[in-house]
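Asker:
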Ligand code: SF4
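Residue numbers (our numbering): 4 to 385.
#1: With distances taken from CA atoms, which of 93, 234, 57, 102 is nearest residue 78?
#2: Once DSSP output is grouped into helix, strand and coil, what is the label at residue 103?
#3: Pick from 250, 227, 52, 88: whose alpha carbon is nearest that of residue 146?
#4: For residue 164 versus residue 123, is the C-beta spacing smaller than 7 Å?
#5: Is residue 34 helix, strand or coil when you go by DSSP?
#6: Could you give the distance in angstroms between the alpha-carbon of residue 108 and the alpha-carbon of residue 306?
#7: Round the Cβ separation of residue 309 and residue 352 to the nearest angstrom and send it over; I've been treating them as touching at under 8 Å.
#8: For the beta strand (DSSP E) that residue 109 lies in, which residues bound it at each end?
#9: Please determine whether the Cβ atom of residue 133 lies at a distance below 6 Å from any heavy atom of the ligand SF4.
#10: Which residue marks the beginning of the alpha helix (DSSP H) containing residue 95, and which one marks its end?
#11: Quick one: grab the DSSP three-state call for residue 152.
#12: Scan the segment 139 to 202 and note each continuous alpha helix (DSSP H) run of 4 residues or more that stays entirely inside, going in chain order.
#13: Whole angstroms is fine: what's the gap from residue 68's alpha carbon to residue 60's?
#14: Quick check on this structure: which residue in 139, 172, 57, 187 has the alpha carbon closest to the alpha carbon of residue 212?
#15: Can you give, in chain order, each stretch of the alpha helix (DSSP H) that sits fully within the segment 207 to 242 and has at least 4 residues?
#16: Thinking residue 265 and residue 296 are a contact (beta carbons under 8 Å), I'd like their distance in whole angstroms, please.
#17: Can you find a heavy atom of the ligand SF4 that lies under 6 Å from the Cβ of residue 313?
#18: Applying the criterion that 16 or more other CB atoms from any shown protein chain within 10 Å of the CB defines a buried residue, is residue 131 buried or exposed?
#19: Quick check: does the Cβ of residue 3 come within less than 6 Å of any heavy atom belonging to the ligand SF4?
#20: Have a look at the DSSP bridge pairing and note the partners of residue 266.
#21: Compute the beta-carbon to beta-carbon distance between residue 292 and residue 327, rounded to the nearest angstrom, for a pair I have assumed lies under 8 Å.
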């Protein structure tokens with residue numbers, strides 16, 4: 004059996020492993036205390052446990068530091084944002100971002116896929132498609148790494164890094180449950196402080212609404228009409244606004260929870276008065292909130308951010324129209340902070356081709372993963 008991340012197995016499975024290795028089951032609790040309470044990076048760091056048991060476990064499971072090892076830290080920029088480029092155990096690269104708030108809290112943005120099948124026009128992660136999905140342990144290893152850097156548990160978690168969470172549904176939900184679980188079996192992050200962000204995968208929204216969890220849902224909207232949205236987000240051709248918005252509305256009706264719509268403002272494309280009017284028609288019928296953010300440019304997308312005053316005028320017009328809207332500062336510009344830019348820069352520089360690390364944009368085509376196959380089906384319908 005090939006090794007998997009120790010974070011990929013449940014508490015019960017870890018206890019079974021410990022028992023099978025002839026150790027008392029309470030050792031499993033010690034291991035979890037080191038992993039989730041002290042953010043241990045290596046098996047060496049699980050120091051209360053006898054070496055023989057550690058070695059036996061290490062033969063089967065990657066430590067958190069092997070599951071996600073930082074190879075580059077970009078930052079801090081003026082906002083204090085730090086972007087971590089990390090290598091997974093098979094050499095693939097993903098990014099994880101630590102975003103501090105003025106009140107001292109820290110949000111950690113996690114990736115759930117290597118690349119992304121959704122290919123949004125303004126996103127570096129989508130430019131090369133999806134290589135593979137992460138398992139839950141690889142997702143949790145990013146949070147553990149961020150916690151080590153912070154010296155404490157993150158306050159908020161957002162699934163807004165590379166990848167579409169609802170095309171890697173089981174791993175993302177499993178990781179979210181473990182992030183939320185109290186210590187020693189999880190990180191103890193409040194459910195309402197964990198946000199899953201989708202590009203608009205309607206079946207995922209419907210499934211998510213049946214989970215009975217208190218997690219937050221955010222939906223990347225970015226345009227109030229199908230023509231513009233399809234230009235920005237090919238996923239809209241599969242699940243257009245006529246399906247997406249009713250699904251969000253049903254989500255709110257069945258869970259009582261409000262959806263946050265993310266809306267990236269691009270000058271001349273989706274920031275005019277006609278877009279405000281269309282957004283109001285779309286969203287006013289049900290309670291929701293809109294997070295506006297000015298475009299964080301990538302070289303491959305010929306768009307620019309509106310001026311701050313224009314962004315503010317857009318926000319104020321939405322509020323006047325009865326929609327709760329806030330302006331989010333684009334953090335991380337100075338550190339290639341938008342989704343996928345750091346990884347892409349490294350690929351373009353060829354920094355990892357020698358190690359065979361990230362070439363597998365082509366490899367994925369030869370051996371499609373479950374996730375890439377899922378979006379291939381989607382793509383074929385686009
Ligand atoms: S914005 Fe999100 S959904 Fe779109 S390509 Fe990037 S990672 Fe994927």
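Idealized CB from N, CA, C, for every residue including glycine.
Answerer: Well, looking at it:
#1: 102
#2: strand
#3: 88
#4: no
#5: helix
#6: For residue 108 and residue 306, the distance between alpha carbons rounds to 32 Å.
#7: Their Cβ separation, rounded to whole angstroms, is 31 Å, which puts residue 309 and residue 352 out of contact at 8 Å.
#8: 109 to 112
#9: no
#10: Segment: none, residue 95 is in no alpha helix (DSSP H) and carries neither H nor E.
#11: helix
#12: At a cut-off of 4 residues, the continuous stretches assigned as alpha helix (DSSP H) that sit fully inside the segment 139 to 202 are 139 to 153, 172 to 183.
#13: Going by the C-alpha atoms only, they are around 14 Å apart.
#14: 172
#15: 229 to 235, 238 to 241
#16: 7 Å
#17: no
#18: buried
#19: Residue numbering for the chain in the displayed model covers 4 to 385; residue 3 lies beyond these limits and cannot be assessed.
#20: In DSSP, residue 266 forms a bridge with 295.
#21: 4 Å
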